[in-house]
Structure formats: C-alpha cells, structure tokens
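What follows is a set of notes on a single structure, which appears directly below.
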C-alpha cells in the first residue's frame, strides 16, 4: 500500500469533494425536514401539532340533535373536526362561535364539524344550540361511552380527521378556530398539500 501525503492542492480537492457530496445529499434532506409539506408548515405556523403518525379513529354512531344518526366513517372524504364539549363548559362555549365561522367559511370545500356533547340531555343541548344559532352538526353522547373510547379527560378536546379518515391532530383546550393561521392550516389540509 502506498503512503498518501496530503499537500495543499489535494487536501483542497478532498474538502471540495466533501462539500459537494454534502450539498447534493444532505442539504435537500435537511431542508425537507425543516420545511415539510405545506400542511405541516401551516399547522406549525398556527401553533397546532400534527401527530407523528396518523391514527385510525374509533368509529361510532350517535344521534344527531336534529334527528337521525351520524356515523363517523360516513364522513370519509371530508376533513372533520371531531369536537367533544358540553354546555356547562366555559372554554367550550367560548370557542364555538369561532368554530361556526370556520365552518361557514370552509364547509363548501369539504370541512365538517361534528360537535359531540358529552353526558347532557337533549333538551339542554337543544336550547343552547337554538339560542346560539350554530349550524354545524351536534351529536349526543348522553352516556359518555364514545367520549370514553376517545379517552376524553378534559373538554373541549378536538380531533382533526383528514380526508382519508385518519386522525392527524389532537387539540386539548379551546382555540380560536377563526384565526387566519388556523384557517390557512385547514385550507392546506383540505387541498391535501
């Protein structure tokens, strides 16, 4: 084996080659990891966390406040905000007008909100919704079994389900759903970018 002596010239060539290799192979991976998809960026900008791995939701059938039943799996193809709440919960009540604003703005693009009231009777929920004039679907989980299957320990708790029917985010606590950055995040999710 021949001894290699690095001189100024061949050392410079080796360093240049190493930089080129790093630029070609490492920089694009680093840039992608830093930026992500448009949806990832938009959720980050809105302060919303996307799950590391999308999850299958627990399917359910619950009665709708206005009659009939809602089956979660039947909403596949839409982006769904699955919001667990109650009329006695001040943070729930505080966020609902902004949910209505988001719903009105994006429902024609495929957004659905399923507001699941936990452990209250129909008359109580009906009066609150009628007085508030919310138009998104309200579901009744009077015995709390669906909330238990989702591990709800605090309300409001919301799950965001993508068009493929996978949970992509979980939000515990109230947020301003009509914040421009939140709207942008949902627009990106609806477009699948």
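In the numbering used here, the protein residues as written are 7 to 199.
The beta carbon of each residue, even a glycine, is placed where N, CA and C say it ideally should be.
Can you tell me whether residue 159 is helix, strand or coil according to DSSP?
Here DSSP, grouped into helix, strand and coil, assigns residue 159 to coil.
Is residue 92 buried or exposed, if buried means 16 or more other CB atoms sit within 10 Å of its CB?
With 16 or more Cβ atoms within 10 Å of its Cβ, residue 92 is classed as buried.
Please list the terminal residues of the continuous beta strand (DSSP E) segment that includes residue 93.
Taken as a continuous stretch (DSSP letters only), residue 93 belongs to no beta strand (DSSP E), as it is neither H nor E.
Name, in chain order, the residues that DSSP records as bridge partners for residue 127.
Answer is none; residue 127 lacks a bridge partner.
Take residue 52 and list the residues in its own chain whose beta-carbon comes closer than 6 Å to its own, dropping the five residues that flank it on each side.
Within the same chain, and ignoring the five residues on either side of residue 52 in sequence, the residues whose Cβ sits closer than 6 Å to its Cβ are 187, 188 and 191.
Could you check whether residue 138 and residue 87 sit closer than 9 Å to each other, using their CB atoms as the reference points?
Cβ distance not < 9 Å, so residue 87 and residue 138 don't count as in contact.
Rounding to the nearest angstrom, what Cα-Cα distance links residue 149 and residue 127 in this structure?
Their Cα atoms are separated by approximately 9 Å.
The alpha helix (DSSP H) with residue 197 in it runs from where to where?
Taken as a continuous stretch (DSSP letters only), the alpha helix (DSSP H) holding residue 197 covers 186 to 197.
Is the number of C-beta pairs between the stretch 99 to 106 and the stretch 63 to 71 that are closer than 8 Å three or more?
By the C-beta criterion, the stretch 99 to 106 is judged not to be in contact with the stretch 63 to 71, since fewer than 3 inter-stretch pairs fall below 8 Å.
What residue does the beta strand (DSSP E) around residue 76 start on, and which one ends it?
Counting along the chain, the beta strand (DSSP E) containing residue 76 begins and ends at 75 to 77.
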